[in-house]
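Enquirer:
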Amino acid sequence: MEEFTKESVRKLVSAFVREYAGNHGDEALWREPLVGFAAAGSPYIRNLPEIVTPDHRLPEDFLPGAEAVISYFIPFTEALGHTNRSECPGAGEPGPGQSDDEPYASRAWADAYAETNRMMEALDEMLVSRLRDAGYHGAVPHDIGLDPKTIMSPWSQRHIAYAAGLGTFGLNNLLITEQGCCGRFHSVVTDAPFPEDPVLTEERCLFRRNGSCGVCAKRCFSGALTTAGFDRKRCYKVTVRNAARYGADKDVCGKCNVDLPCSYGIPR
Ligand code: B12
Numbered sequence: 309m310e311e312f313t314k315e316s317v318r319k320l321v322s323a324f325v326r327e328y329a330g331n332h333g334d335e336a337l338w339r340e341p342l343v344g345f346a347a348a349g350s351p352y353i354r355n356l357p358e359i360v361t362p363d364h365r366l367p368e369d370f371l372p373g374a375e376a377v378i379s380y381f382i383p384f385t386e387a388l389g390h391t392n393r394s395e396c397p398g399a400g401e402p403g404p405g406q407s408d409d410e411p412y413a414s415r416a417w418a419d420a421y422a423e424t425n426r427m428m429e430a431l432d433e434m435l436v437s438r439l440r441d442a443g444y445h446g447a448v449p450h451d452i453g454l455d456p457k458t459i460m461s462p463w464s465q466r467h468i469a470y471a472a473g474l475g476t477f478g479l480n481n482l483l484i485t486e487q488g489c490c491g492r493f494h495s496v497v498t499d500a501p502f503p504e505d506p507v508l509t510e511e512r513c514l515f516r517r518n519g520s521c522g523v524c525a526k527r528c529f530s531g532a533l534t535t536a537g538f539d540r541k542r543c544y545k546v547t548v549r550n551a552a553r554y555g556a557d558k559d560v561c562g563k564c565n566v567d568l569p570c571s572y573g574i575p576r
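Reminder that position 160 of the sequence shown reads as 468 in our numbering, one-by-one numbering, no gaps.
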């Protein structure tokens with residue numbers, strides 16, 4: 309049985325992303341991934357139904373005897389982020405159909421969303437199979453898409469990533485990792501007893517730290533994200549509008565995600 313350490317998982321994830329990008333011509337999409345580990349029994353994970361939503365799942369719902377959750381972050385390149393930067397005409401009242409002078413996501417951003425989903429699915433499978441080779445089990449959380457009624461998921465990748473020490477929440481709701489917040493999270497549950505990474509305590513969001521910045525809220529043209537809070541229904545409408553333009557699997561926007569002080573690293 310091969311030795312399976314946190315370091316070996318990090319190397320596997322990094323090599324997989326590089327190789328996948330090379331094989332699919334996706335070199336321009338992703339930077340170096342990050343991997344964090346949460347203990348299935350940690351108080352934060354046990355409390356997810358109270359913290360997030362009552363029907364939030366627990367690791368053992370996907371794998372009996374679960375010991376840990378491997379959470380990973382796939383950061384997008386700055387070049388991809390730049391494509392999605394556009395002038396946003398202030399936060400006016402959006403009409404029911406929204407006017408056409410409101411910006412769409414860039415096509416490159418929409419395509420990268422779908423391509424990253426495909427890559428992460430393959431990466432999850434690879435991790436499960438390597439865990440099996442090492443004598444353990446792995447399970448990919450399933451049926452965790454967005455419920456259109458509540459606009460929430462029963463497996464919050466961000467809260468899992470937070471528990472695995474990968475970042476802190478920004479004003480834009482996104483988790484700010486050491487590679488920034490511009491990127492995507494996935495996770496795999498396992499019975500391999502990886503030691504947990506500590507939850508981060510130092511606030512990374514400049515607005516939350518000292519009331520400065522707030523650039524993400526200024527970029528949100530729909531009024532969904534303001535310094536006073538987040539209206540998920542409004543944001544959802546914008547993503548649906550982009551899906552109508554680019555394809556059903558491309559429900560994106562991401563204007564509050566790109567070219568911010570926290571997009572590609574820890575803001576200073
Ligand atoms: C539903 C959903 C949406 C909905 C609702 C958004 C939302 N904020 O929840 C809609 C369709 C609007 C949406 C939009 C977007 N989404 Co979305 N979405 C999801 C999904 C499927 C579930 C999220 C969920 O259920 N949240 C539960 C609710 C309760 O959480 P919440 O509203 O975020 O509020 C919590 C946090 O803000 C947090 N929090 C805030 N401050 C603090 C402080 C502390 C100390 C703590 C502990 C917690 C905390 O606590 C709140 C309550 O639980 C996840 C994938 C998944 N399965 O996790 C992706 C996900 C959250 N989305 C993602 C992205 C990238 C986007 C978009 C940029 C679209 C795009 N790809 O172009 C926008 C950004 C919107 C925004 N600013 O929030 C990424 C986020 C990556 C990141 N860096 O954080 C995720 C994780 C997908 C992924 N696999 O990577 N999304």
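Yeah, the Cβ is synthetic: ideal placement off N, Cα and C, and Gly gets one too.
Treat the numbers as computed from the prediction; the structure is a model and nothing was measured.
What is the DSSP secondary structure of leucine 533, counted as helix, strand or coil?
Expert: Here residue 533 refers to the residue found at position 225 of the sequence shown. Strand at leucine 533.
Enquirer: Measuring only the C-alpha atoms, how far is proline 506 from tyrosine 470?
Expert: Here residue 506 is taken as the residue at index 198 of the sequence shown, counted from 1. Here residue 470 is taken as the residue at index 162 of the sequence shown, counted from 1. Proline 506 and tyrosine 470: Cα-Cα distance of roughly 9 Å.
Enquirer: Can you say whether threonine 485 is buried or exposed, counting buried as having 16 or more other CB atoms within 10 angstroms of its CB?
Expert: By 1-based counting over the sequence shown, the position of residue 485 is 177. Threonine 485 should be labelled buried.
Enquirer: Just confirm the distance between the C-beta atoms of valine 377 and valine 448, as a whole number of angstroms; I'd bet it's less than 8 Å.
Expert: Residue 377 sits at position 69 when you count from the first residue of the sequence shown. Residue 448 sits at position 140 when you count from the first residue of the sequence shown. The beta carbons of valine 377 and valine 448 sit about 11 Å from each other, so the pair does not count as a contact at 8 Å.
Enquirer: Would the beta-carbon of tyrosine 421 fall within 8 Å of that of glutamine 487?
Expert: Against the sequence shown, residue 421 aligns to sequence position 113. Against the sequence shown, residue 487 aligns to sequence position 179. Not closer than 8 Å, so no.
Enquirer: Pick out the complete alpha helix (DSSP H) segments inside the segment 455-481, 4 residues or longer, and give them in chain order.
Expert: 465-471
Enquirer: Taking the alpha-carbon positions, what's the threonine 476 to arginine 440 distance?
Expert: Sequence index remark: in the sequence shown, residue 476 carries index 168 (1-based). Sequence index remark: in the sequence shown, residue 440 carries index 132 (1-based). Computed Cα separation, rounded: 32 Å.
Enquirer: Here's the rule I'm using: 16 or more other beta-carbon atoms within 10 Å means buried, otherwise exposed. How should glycine 333 be labelled?
Expert: Taking the sequence shown and counting its residues from 1, the one referred to as residue 333 is at position 25. Per the 10 Å Cβ criterion, exposed.
Enquirer: Would you tell me roughly how many angstroms separate the C-alpha atoms of methionine 428 and histidine 445, rounded to the nearest one?
Expert: Working through the sequence shown from its first residue, we reach residue 428 at position 120. Working through the sequence shown from its first residue, we reach residue 445 at position 137. Approximately 18 Å between the Cα atoms of the pair.
Enquirer: By alpha-carbon positions, which one of Cys543, Arg542, Phe529 and Leu483 ends up nearest to leucine 514?
Expert: Taking the sequence shown and counting its residues from 1, one reaches residue 514 at position 206. With distances taken between Cα atoms, leucine 514 lies closest to Leu483.
Enquirer: Are the CB atoms of phenylalanine 538 and glutamate 410 nearer to each other than 8 Å?
Expert: Counted from its first residue, the sequence shown places residue 538 at position 230. Counted from its first residue, the sequence shown places residue 410 at position 102. Going by C-beta atoms, phenylalanine 538 is not nearer than 8 Å to glutamate 410.
Enquirer: Please identify the residue among Gly519, His494, Arg415 and Ile459 whose C-alpha is closest to the C-alpha of tyrosine 554.
Expert: Here residue 554 is taken as the residue at index 246 of the sequence shown, counted from 1. It is Arg415.
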